[in-house]
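Engineer: Below you'll find the structure I mean.
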Amino acid sequence: MTQKVGEISVLSDVNLQKLIRDHEAIDLTSVLPNEQGFKEFLSNSSSAEDPDLDEGNAINPYLTLSKYMLSKYFRAVNPETEITFVGGVNLAIFIAIASSVKDGDSVIVLEPFATNLKVAVELCGARPVYIPMKDPDFRIDWGEVQRAINATTKLMVISSPHLLTGQALNAEDFEELQRLINGTKIKLVFNESMADLGYHNFEGTSVNFYPKLCQVTYRIGSLNIPVATTDQEIAYCIAPEPLMAGYKSIHSAISASPNLNRVANYTKMLSSVNEGHKLADFLEQNYNFLRDVLKESKFTLHEQSSGYMVILGYKSYFDIRDVEMAEKLVVEKGVG
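First residue of the sequence shown? That's 1138 in this note's numbering, and the numbers climb one at a time after it.
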């Protein structure tokens, strides 16, 4: 179901949670993979690492992440001046936005999007400019993006893989993006927190492989999401020193750094050929199961290659707004 601007606030997260509780419905609204389910999946593999293991303070987490980025993306990152650990992806994105815009600026936001992104942009005094991704495969129309760019455009926020659709930018997308921002002062916020959740047919790539784009990019990642641990969020931002200086200043003013004892363990898991793909395998298995279950229904399942959210088309059932459909599923079917 594609969310529309203006409808999102009608059924806010708080209202939806209350509706689910009141009707004792199954809650499918979690914004992170289920930790207990994933641990059960991990227990079937005797070689799986324990995501709860603390490595202790002796290992430098900044140097650890820097080495991980070099081994995975061949990107050299200065551990002292180009990395900031943050207590969650949403906070990491907000600080990047706050570091880049001021009153009167505009920010390009791709639809569908998480509601907190709109709030973050407006809280910083900027105006979100919405560009819908195109049906049926939710690709970005770069021509439409180009037409939306003007003198007030200071920032673009892109999620790849996309939180809601699972779509990721490919090499052609990055080439188009590079062409669009050449000669401008537009900065980029790339949320790649789900980069390790690609299925076997995943064809996306990373901004890390594009050095010129990296010069103007706040690259947001997560260490806890790929291993499905939710008790301690460990997000990080990587950016060149000129961008990171302001980012670090804002971060130190509004938040403390998260507990970094697990950084070494998480990066060790993610660096493993087998264990590093466990959660993606688990999610792909669940996606295939859901696809088989819904095969005989009137729902249209959106084909995707990453992530833990699934988009269903419901036109064959009702011609109503997505918010109404969500309420109908909770009240009548007990699924939220």
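Beta carbons: idealized from backbone N, C-alpha and C, even for Gly.
To which residues of the same chain is Gln-1154 closer than 6 Å at the C-beta, ignoring the five residues directly before and after it?
Structural biologist: none
Engineer: With DSSP as the reference, label Arg-1428 as helix, strand or coil.
Structural biologist: Three-state result, Arg-1428: helix.
Engineer: Given Leu-1190, which residues of its chain have a CB within under 6 Å of its CB, disregarding the five upstream and five downstream residues?
Structural biologist: Any answer about Leu-1190 is weak, because its pLDDT of 47 lies below 50 and its placement is not dependable; what the coordinates show is given next. Excluding sequence neighbours, Leu-1190 sits near Asn-1402.
Engineer: Taking only three categories from DSSP, how would you classify Phe-1346?
Structural biologist: DSSP places Phe-1346 in helix when its eight states are reduced to three.
Engineer: Would Leu-1260 be called buried (16 or more neighbouring beta carbons within 10 Å of its own) or exposed?
Structural biologist: exposed
Engineer: Give the range of the alpha helix (DSSP H) segment to which Ser-1389 is assigned.
Structural biologist: 1378-1391
Engineer: Whose C-beta lies closer than 8 Å to the C-beta of Gly-1449 among residues of the same chain, with five residues either side of it excluded?
Structural biologist: Correcting the residue type first, residue 1449 is Leu in the shown sequence and not Gly. So the qualifying residues of the chain are Met-1138, Leu-1431, Phe-1436, Thr-1437, Leu-1438, His-1439.
Engineer: Can you tell me the Cβ-Cβ gap for Phe-1231 and Ala-1257, rounded? I've got them flagged as a contact below 8 Å.
Structural biologist: 4 Å
Engineer: Go ahead and label Gln-1352 buried or exposed: buried means 16 or more other beta carbons lie within 10 angstroms of its beta carbon, across all protein chains shown.
Structural biologist: Flag for Gln-1352 reads exposed.
Engineer: What alpha helix (DSSP H) runs, 4 residues minimum, are completely inside the stretch 1194-1281?
Structural biologist: With a minimum length of 4 residues, the unbroken runs of alpha helix (DSSP H) contained wholly in the stretch 1194-1281 fall at 1198-1210, 1226-1235, 1252-1260.
Engineer: Let me know the secondary structure DSSP gives Ser-1409 once reduced to three states.
Structural biologist: coil
Engineer: In chain order, what are the residue ranges of uninterrupted alpha helix (DSSP H) at least 4 long that sit wholly in the stretch 1289-1364?
Structural biologist: 1308-1318, 1348-1351
Engineer: If the criterion is Cβ atoms closer than 8 Å, does the pair Ile-1234 and Leu-1292 meet it?
Structural biologist: yes
Engineer: Roughly how many angstroms separate the alpha carbons of Val-1266 and Ile-1196, rounded to a whole number?
Structural biologist: If you take the alpha carbons of Val-1266 and Ile-1196, they lie about 43 Å apart.
Engineer: Quickly, what does DSSP pair Leu-1466 with across the bridge? List them, please.
Structural biologist: In DSSP, Leu-1466 forms no bridge with anything.
Engineer: Where does Leu-1397 sit, in a helix, a strand or coil, going by DSSP?
Structural biologist: coil
Engineer: Are the beta-carbon atoms of Gly-1341 and Ser-1409 separated by less than 8 Å?
Structural biologist: no
Engineer: Would you tell me roughly how many angstroms separate the C-alpha atoms of Phe-1426 and Lys-1271, rounded to the nearest one?
Structural biologist: Taking the straight line from one Cα to the other gives about 26 Å.
Engineer: Kindly indicate which residue of Asp-1333, Glu-1217, Leu-1207 has the alpha-carbon position closest to the one of Tyr-1199.
Structural biologist: Relative to Tyr-1199, the option among Asp-1333, Glu-1217, Leu-1207 whose CA is nearest is Glu-1217.
Engineer: For the beta strand (DSSP E) containing Ile-1375, list its first residue and its last residue.
Structural biologist: From DSSP, the beta strand (DSSP E) with Ile-1375 extends over 1372-1375.
Engineer: Should Asp-1187 be labelled buried (16 or more other beta-carbon atoms within 10 Å of its own) or exposed?
Structural biologist: Bear in mind that a pLDDT of 48 at Asp-1187, under 50, signals an unreliable position, so the number given afterwards is only what the model happens to contain. Exposed, by the Cβ-count rule.
Engineer: Leaving out the 5 sequence neighbours to the left and right, which residues in its chain are closer than 6 Å to Gln-1304 when beta-carbon positions are compared?
Structural biologist: Phe-1275
Engineer: Would you mind stating whether Thr-1404 and Ala-1376 have Cβ atoms separated by less than 8 Å?
Structural biologist: No, they are not a contact pair.
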